[in-house]
Ligand SMILES: Nc1ncnc2c1ncn2[C@@H]1O[C@H](COP(=O)(O)OP(=O)(O)OP(=O)(O)O)[C@@H](O)[C@H]1O
Ligand SMILES: [Mg+2]
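In the working numbering, the protein residues as written are -15 to 239.
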C-alpha cells in the first residue's frame, strides 16, 4: 500500500506551530517505531507538549504532516483520533473529580454519549457497556485500584490520578499511546509498577511515545530517545548516545 511503512506506526514531517511570535514547534520530522517505547525529552518550553497536542489533534498544526498507519491526520479533529488508534494522557491530570473512578473510565470509551452513560449508570446496561465495565474492572485490578472503584476521582492521590489517566486512555484500545509526563507526582513504588505495565503493553503490540522529565524512567523504558530544544529536534538515539551529545548538554544548560 502506498504511504504505509510497516516499521513505523507514526511518520511526522515538517510539523510546525507558532503561538504569536513563538515558534513552539519549528518544522520537525521524525518516525516512531511500531511496538516500541520512544521517549521525547528536552528542557522546559522545548515544544514537547505542543508536538503531543498536534499528534492528538488538540492543537492544530500551521503546516506539516502527521501520518498514523499511513493515514494523514494533520488538521483532523481530536475526536477522530480514537478511531485511528491514537490515545493520549495530558500533562495536567484531567480526571472528572465528581465522577467515581469507574465512571471516569467509562467516559474514556470512544463514541460514549452522555445520555447512554447516564442510562448505563442507572443500571440499563447494553452488552457493549457490560464489556466496557468488565474491561475497566480488569484495568483496576491490574493497577491494584479495585478498592477505589466507587471513590470520587477528585479524592485520589496525585499518583492515583495519573494512573487513572493512563487507564482511561487504555479503555479505547489504542495502537499508539501518547503520554505527557505520566510519572509526575507518582510515588516511586508506583512508578516501577507503571513502567512494568507499559513494557507489558508494548510486548502485546502497543506503541508508546512518552514525554518525561525523569530521565531514569526514560533510560529504563525507551529504546530510542528524541531530544527537542527551542522547537527543533536536536538529537536522537539511545539514552547512551544522547548523554554523550554536546548539543544536548548545552540545550539542558542553556534551555
Ligand atoms: N497555548 C499556547 N499559547 C501560547 N503559547 C504557548 C501555548 N502552548 C505552548 N506555548 C509556548 O510554546 C512553547 C513550547 O511549549 P510546550 O508546552 O510545547 O513545551 P514543553 O516542552 O512541553 O515544556 P514543559 O517541559 O515545560 O512541559 C513555550 O514557549 C510555550 O510558552
Ligand atoms: Mg510539556
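We put the CB at the ideal spot given by N, CA and C, even for glycine.
Distance from the CA atom of residue 85 to the CA atom of residue -4, rounded to whole angstroms, is 35 Å. The C-alpha of residue 208 is placed about 5 Å away from the C-alpha of residue 221. A Cβ-Cβ distance of about 5 Å is found for the pair residue 73 and residue 163, placing them in contact under the 8 Å criterion.
With a cut-off of 7 Å, the C-beta of residue 26 is classified as near ligand 1, since at least one heavy atom of the ligand falls inside that distance. Residue pairing for residue 216: DSSP places it in a beta bridge opposite 213. Checking the DSSP bridge columns, you'll see residue 164 partnered with 195.
The alpha carbon of residue 180 has as its nearest neighbour, out of 204, 165, 194 and 193, the alpha carbon of 204. For residue 122, the CB stays at least 7 Å from every heavy atom of ligand 2. Per DSSP, the continuous beta strand (DSSP E) segment holding residue 22 begins and ends at 21 to 25.
Note that the region 8 to 20 does not touch the region 132 to 149; fewer than 3 beta-carbon pairs, one per stretch, sit closer than 8 Å. CA-to-CA, the gap between residue 26 and residue 52 works out to about 24 Å.
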